Amino acid sequence: MSHFTVAVITPNLNSVEDLLAPFQENNMGNCPEEYLAFFDVEEEYQRSYESESTEYIQMEDGRLVSPYDSGFYVTSFETMMTTLEALTHLKRIQIPHREKYPTFDDYMMQYVGYNAKDQKTGKWGYWENPNAKWDWWEVRGRWSDMLLLRSGEQASAAPIKDIFFIE
1 MSHFTVAVIT PNLNSVEDLL APFQENNMGN CPEEYLAFFD VEEEYQRSYE SESTEYIQME
61 DGRLVSPYDS GFYVTSFETM MTTLEALTHL KRIQIPHREK YPTFDDYMMQ YVGYNAKDQK
121 TGKWGYWENP NAKWDWWEVR GRWSDMLLLR SGEQASAAPI KDIFFIE
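Everything in the sequence shown is counted per our numbering, starting at 1 for the first residue and increasing by one.
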């Protein structure tokens, strides 16, 4: 993630929020609806559901576990490193998504992690601002007092005529 200092030129500080609203991410769920577009993921995930699989390791007792199961973590006390080591004598099995999840909706909720289809569109996907440029801002925020004024003082906000620019 990058962080930038941005100048917003406005007649008064009360309009900053209105000027920045068209560029807000929807990461907090409070982006004004008129700036959002729905991104439908059904086609992409339908292909995955139909053609891809997940790898499992079959244990001696027949249980199928993820190759990332905590039981496969091994810590070396010499190096203080933890590595993932599935026992080589165990069988690795690929289970197609369409076999593990009875329906595409089950797959979307249990494997992909969606809670439900979008209420407005009736599809799987998410709302996002295609023009998003920021996720958080604050006047005088992260880097306050970065403007050098003609008077020699520093400020976070000032009329343009009072800001010292290198000529």
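Here a beta-carbon is modelled for each residue, glycine too, at the ideal position from N, C-alpha and C. Keep in mind the model is a prediction, meaning the values are calculated, not measured.
| Check | Outcome |
| --- | --- |
| Nearest CA to the CA of D69: which residue from E55, S51, S156? | E55 |
| Ordered along the chain, which non-local residues of its own chain (more than five positions away) have a Cβ less than 6 Å from that of Y111? | none |
| So, under 8 Å CB-CB, D162 and Q154 are touching, yes? Tell me the CB distance rounded to an integer number of Å. | Wrong, their Cβ atoms sit about 12 Å apart, outside the cutoff. |
| My parser needs the beta strand (DSSP E) runs of 3 or more residues fully inside the stretch 50-80; what are they? | 53-58, 73-76 |
| Output the boundary residues of the beta strand (DSSP E) element that contains F104. | No beta strand (DSSP E) contains F104, which is instead part of the alpha helix (DSSP H) from 104-107. |
| Hey, how far is the Cα of W143 from the Cα of E128? | 27 Å |
| Could you check what DSSP says for Q24 in three-state terms: helix, strand or coil? | strand |
| Should the stretch 99-110 be called in touch with the stretch 44-53, which here means at least 3 C-beta pairs below 8 Å? | yes |
| For the beta strand (DSSP E) that contains E92, what are its first and last residues? | A quick correction: the sequence has Arg, not Glu, at residue 92. Unbroken beta strand (DSSP E) run through R92: 91-96. |
| For Y126, which of helix, strand or coil comes out of DSSP? | strand |
| Buried or exposed: where does Y101 fall if 16 or more other Cβ atoms within 10 Å of its Cβ makes it buried? | buried |
| Examine the Cβ distances between the stretch 17-34 and the stretch 69-85 and report whether three or more of them are shorter than 8 Å. | no |
| Does DSSP put Q119 in a helix, in a strand, or in coil? | coil |
| Over what stretch of residues does the beta strand (DSSP E) that includes A37 continue unbroken? | 37-40 |
| Cα separation between T5 and F39? | 30 Å |
| Would you kindly check if the distance between the Cβ of S53 and the Cβ of H97 is under 9 Å? | yes |
| Using the C-alpha atoms, what's the distance from E25 back to G125? | 16 Å |
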